[in-house]
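Numbering (my numbering), first residue to last: 1 to 282.
Ideal placement from N, C-alpha and C gives every residue a C-beta, glycine not left out.
So the structure is just underneath, and the comments pick up after that.
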């Protein structure tokens, strides 16, 4: 006769089998769940990273975001990259110029997996650099698992859809996060705008790090300037005082040559934060 512990484990397995059976039906209702993706999902479940999967909550050109739960009952977001070649058009500059990636895969399945791995690594570097991003949890094949920003399947809105209450404070927050990514994380987002910053309870989270490149990229200045220009344009419309894009780019590059430290979450170089360095007062 099985003991209580054995019975509990058996019940857990039976419940999990039922969930896997349900997930197998996803390919009938959502085209992102092909056999390749389902295999990746099974692996994440076998590793006890993903327990349950619900419906899609967001969709982009390259991926669809699915709401799920982990084994502790916490909400998680699964970013599932499409395995179609036409979903990754014009992405060569973000790969070939990044020394971490030597060549572009010709197979669309391998490309989706590479892009997933690239975004996970970028998010991990940003997270470790104290940039406000959803916490990256794991990845396998073309599925990236991260912290869910929102509540019970309702995702946080973007800045585009939910402008901040205090535009000036939000602008400074974004600029300081750009600096942390650039100096401590050695990353340029390369696709930054109000469309990929989430506003949740007046806290901003930068998302969509797939295009981010290492600071050794030959187009460093162009990509950094483009990010800052996009952010300045958005916050200018909200009435915030912004920093001249050229001045800010030059300041970030100069400061990146010094030794940094974090003091109470602020990035300091030679005892000075970015706003003091620029003498930016509002």
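- Look at residue 200 here: in three-state DSSP terms it is strand.
- Look at residue 67 here: in three-state DSSP terms it is strand.
- Following the DSSP letters along the chain, one finds residue 257 in no alpha helix (DSSP H), marked with neither H nor E.
- At a Cβ-Cβ threshold of 9 Å, residue 68 and residue 77 count as neighbours.
- Residue 66 and residue 271 have their C-alpha atoms roughly 43 Å apart.
- For residue 207 and residue 176, the gap between their C-alpha atoms comes out near 15 Å.
- Excluding five sequence positions before and after residue 190, the CB atoms of its chain that fall closer than 7 Å to its own CB belong to 94, 211, 212, 213, 223 and 227, given in chain order.
- The C-beta distance from residue 253 to residue 145 rounds to 34 Å, too long to meet the 8 Å contact threshold.
- Our two residues, residue 134 and residue 79, have alpha carbons roughly 12 Å apart in a direct line.
- By the Cβ criterion, the stretch 182-189 is not in contact with the stretch 148-163, since fewer than three pairs of Cβ atoms, one from each stretch, lie closer than 8 Å.
- For residue 180, no beta strand (DSSP E) encloses it, and the DSSP letter there is neither H nor E.
- Rounded to whole angstroms, the Cβ separation of residue 209 and residue 122 is 4 Å, and the two are in contact under 8 Å.
- Per the coordinates, the alpha-carbon of residue 174 lies some 11 Å from the alpha-carbon of residue 159.
- For the options 139, 217, 240 and 171, the alpha carbon positioned closest to that of residue 199 is the one of 171.
- In the structure shown, the three-state DSSP call for residue 123 is helix.
- Taking C-alpha positions only, residue 241 is separated from residue 118 by approximately 34 Å.
- Straight across, the Cα-Cα distance linking residue 108 with residue 60 is about 17 Å.
- Of the residues 166, 244, 53 and 256, the one whose Cα lies closest to the Cα of residue 216 is 256.
- In chain order, 185 and 187 place their CB closer than 6 Å to the CB of residue 125, counting only its own chain and leaving out the 5 sequence neighbours on each side.
- Just so you know, the alpha carbons of residue 55 and residue 33 end up roughly 11 Å apart.
- For residue 147, the uninterrupted beta strand (DSSP E) segment begins and ends at 143-147.
- In the structure shown, the three-state DSSP call for residue 51 is coil.
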